[in-house]
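Each residue of the sequence shown is one higher than the last, beginning at 145 in the numbering used here.
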Amino acid sequence: MADVLLPFPEERIDYRKIGRGDNFLRGFPEELREVAMQKPYLAAYLTALPIDEIGIPDFYPKPDRSLGKLERRNLIYPIRKGNFVHIYPDELSERDYYVVIEPTLGINLNGISREIELKLLDMAEEIGETAEEDREKVFMESLDKILTSKSSKNGKSKDRRLKVTPLEMEAVRYTTKRDKIGVGALDPLLNDEFIEDISCSGIGPIFLEHKLFDSLKTSIVFSNHEQLDDFVVWLGERIKQPVTLRNPIVDSVLPDGSRINIVYGRDITKRGSNFTIRKFAEEPLNILKLIDFGGITSTMAAYLWLAIEDDLNVFVSGETASGKTTLLNALTTFIKPDAKIVTIEDTPELQVPQENWLREVVKNMGADDQGASVTMFDLLKAALRQRPNRIMIGEIRGEEGNIAFGAMQTGHGVMATFHASSVEKLIQRLTGAPILVPKTYVPNLDLVVIQMAVRGPKGNTLRRILSINEIVDYDPSTNSFSYITAFRWRPDDDTFEFPAYMNSFLLEEKVARMRGYTEQNKRKIYDDLNKRARILEKLGAQKIGGFKELFNIMTEARRQGLID
């Protein structure tokens, strides 16, 4: 496993400093003191901090995005499973520390870990036959048979169980759950809802991308190649995708749904084994949250609502980690509630609130696997026979793009993400190898949303829609495409403009026609647009935070005729 390297000497952690009452925590925020009195490892950590160097940390039981505006970060917040995180300032680096505060802090288990492991091996057959959902319970019962607390009044002289202190008992139970049921040192990181990406680039600390504090370096460190290699081999076995010198690259999914890429060994990567994890959000952000974060306006969302509700074809395009999948997930709320939807992905990330949803995932076969692979191309061809109202593709990369545009021509609404930073580059990739979509097919794509990660005024990372573009036509005589930029982001003041207002090809020539407007009154579609924008603003004012909650409210509004 990895080492934990604190930004101050670990020898400073001394549980003997924790006395009765909370006088030893004088000066810390009252709420933090109260929590620390219940969590000895947090109290021990706080008493070890070099307060004269970094100051007293603030405590935030429920962090929010406003913390991203802090110029200097020195704060503690709780994460799942009883752990805490300290965003520890590093004045000498561009990255602050992300310190995990867990029950193992300052507890030396080296003397008993081997004995516990051997005794658990004796119970391996019993544990191995346990269903996945019961494993934690069985492991804890096994530890009760192995360990007893030194302070236990029920201890008998003939009791052969290992005697440990209460602090050691808590640490052992924690590490057993973390390492036997979770994913080891990475488990606390996966339990933090504010982490987006986790990456190990070789020997050294694990880095992460934080939703509030951008790039951070963690206190979790790999000290040498052997330690790192052992960990990635263990991790591959944990997710049932072994990595070997023969099969050194693995793309898979962690138990919580997060996407992971592992590269093993120094033969193909000079810095040694590495891995990258894209965190899986248990519940997607709804469109109201994205409006609140400033990534999109209510008018832009209403515009996309009209387009998606009428089954137009939409690509969300941008670079890696720009928020494409987040936006695509949020837009699914606008699909009609009775629609049949098929999602096709290489890694399951899309989440759809509609009930009639078929979720299909690529099957990749490793070198040692038996059977046939199932590609995006195969799944997309099969989807056309399933009569969906809407096909959603996690990301178009290859020949499946041809099938997607064929589906558009036969009346299937298609939504997908794509890697391209502009409309021009998107068209170049679509019409070039290996996708090779005929140029005359490209205008079947109605909308291209360009989504990017940009730097805000204070240097923080922001996700913004750079533009929403309407594909108009292809002229074979000049070999050129025409498109209209409906919305555009203004970087100078972080606002959006609507140059296509009262001049939108998509709204006037497509959406208005579908809704029965004539040539004479087609501009009434802008009244529909403004009405939907006001609806979203009112819902936003009600602080509706849930993805499914928003969908249910909008479904009920449709039922009552409040939404045309």
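Glycine included, C-beta positions come from ideal geometry on N, C-alpha and C.
N-terminal and C-terminal residue of the beta strand (DSSP E) that residue i is part of
| i | result |
| --- | --- |
| Tyr318 | Run containing Tyr318: none in the beta strand (DSSP E); it sits in the alpha helix (DSSP H), Pro310 to Thr320. |
| Ile540 | No beta strand (DSSP E) holds Ile540; DSSP gives it neither H nor E. |
| Arg403 | Arg403 to Val407 |
| Gly462 | Val458 to Gly462 |
| Arg634 | Ser624 to Arg634 |
| Thr487 | Ile485 to Glu489 |
| Ala425 | Element bounds for Ala425: n/a, residue is neither H nor E. |
| Gly557 | Gly557 to His563 |
| Thr639 | Thr639 to Glu641 |
Nearest-angstrom beta carbon gap, residue j and residue i [assumed within contact, 8 Å]
| i | j | result |
| --- | --- | --- |
| Asp617 | Ser626 | 5 Å |
| Ala677 | Ser648 | Between Ser648 and Ala677 the Cβ distance is about 14 Å, and since that is not below 8 Å, they are no contact. |
| Ser293 | Val308 | 7 Å |
| Asn546 | Val506 | In fact, because the Cβ distance is near 17 Å, the residues do not count as touching under 8 Å. |
| Leu389 | Gly409 | 6 Å |
| Glu280 | Ile325 | 5 Å |
| Gly538 | Leu494 | 6 Å |
| Arg403 | Thr491 | 4 Å |
| Thr575 | Val558 | With 8 Å as the limit, Thr575 and Val558 do not qualify as a contact, their Cβ atoms being about 17 Å apart. |
| Ala465 | Ala597 | 6 Å |
| Leu683 | Ile697 | 7 Å |
| Pro207 | Tyr221 | 5 Å |
| Glu154 | Gly250 | 7 Å |
| Tyr242 | Ile231 | 6 Å |
| Ala451 | Leu673 | With 8 Å as the limit, Ala451 and Leu673 do not qualify as a contact, their Cβ atoms being about 10 Å apart. |
| Ile271 | Ser286 | 7 Å |
Where the alpha helix (DSSP H) through residue i begins and ends
| i | result |
| --- | --- |
| Ser286 | Arg279 to Ile290 |
| Tyr447 | Ser442 to Glu453 |
| Tyr618 | Element bounds for Tyr618: not the alpha helix (DSSP H) but the beta strand (DSSP E), Thr605 to Asp619. |
| Tyr670 | Ile669 to Ala685 |
| Val593 | Element bounds for Val593: not the alpha helix (DSSP H) but the beta strand (DSSP E), Leu591 to Arg599. |
| Glu174 | Glu174 to Gln182 |
| Ile697 | Phe691 to Arg703 |
| Leu472 | Lys468 to Leu475 |
| Ala268 | Ala268 to Gly272 |
| Arg573 | Val567 to Thr575 |
Cβ neighbours of residue i in the same chain (closer than 8 Å, five flanking residues each side left out)
| i | result |
| --- | --- |
| Thr584 | Tyr618 and Pro620 |
| Arg634 | Phe640 and Glu641 |
| Asn613 | Val567, Leu591, Val592, Val593, Ile594, Tyr627, Ile628, Thr629 and Ala630 |
| Phe521 | Gly542, Glu543, Glu544 and Ile547 |
| Ser624 | Tyr618 |
| Lys709 | Since the first residue shown for the chain is 145 and the last is 708, residue 709 is missing from the structure and cannot be characterised. |
C-beta contact flag for residue i and residue j at 7 Å
| i | j | result |
| --- | --- | --- |
| Asn405 | Ile223 | no |
| Glu175 | Phe152 | no |
| Val486 | Ala527 | yes |
| Pro194 | Asn218 | no |
| Arg239 | Ser359 | yes |
| Phe366 | Ala146 | yes |
| Ser442 | Phe562 | no |
| Glu499 | Phe478 | no |
| Glu543 | Leu523 | no |
| Glu213 | Glu340 | It is worth fixing the name first, because residue 213 is Lys in this sequence and not Glu. Result no, Cβ atoms of Lys213 and Glu340 do not sit closer than 7 Å. |
| Val387 | Val397 | no |
| Ala188 | Ile157 | yes |
| Arg534 | Ala577 | no |
| Thr320 | Phe375 | no |
Close Cβ partners of residue i (< 7 Å) along its chain, the five nearest in sequence each way excluded
| i | result |
| --- | --- |
| Gly663 | Note that residue 663 is Glu in the sequence shown, not Gly. Excluding positions up to five away in sequence, the list is empty. |
| Asn588 | Asn457, Phe549, Met552 and Gln553 |
| Trp449 | Phe478 and Arg676 |
| Tyr318 | Glu246, Pro247 and Thr248 |
| Ala329 | Met145, Ala146 and Ile364 |
| Leu149 | Ser363 and Val365 |
| Arg608 | Gly439, Met596, Val598 and Trp633 |
| Met313 | Leu291 and Ser293 |
| Phe338 | Pro207, His354, Lys355 and Leu356 |
| Thr519 | Val506 |
Neighbour flag for residue i against chain C, beta carbons, 7 Å
| i | result |
| --- | --- |
| Lys225 | Chain labels in this structure do not include chain C; a single protein chain is all it has. |
6 Å CB neighbourhood of residue i in its chain, flanking five on each side removed
| i | result |
| --- | --- |
| Thr699 | Pro481 |
| Phe691 | Glu427, Pro428 and Asn430 |
| Glu693 | none |
| Pro349 | Lys361, Thr362 and Val365 |
| Leu606 | Val598 and Gly600 |
| His556 | Ile535 |
Where are the alpha helix (DSSP H) runs, 4 residues long or more, that stay fully inside the region 191–253, in chain order?
195–198
Can you check the region 313–397 for any alpha helix (DSSP H) of at least 4 residues that lies completely inside it and give the ranges in chain order?
331–334 and 369–382
Can you check the region 497–535 for any beta strand (DSSP E) of at least 3 residues that lies completely inside it and give the ranges in chain order?
501–505
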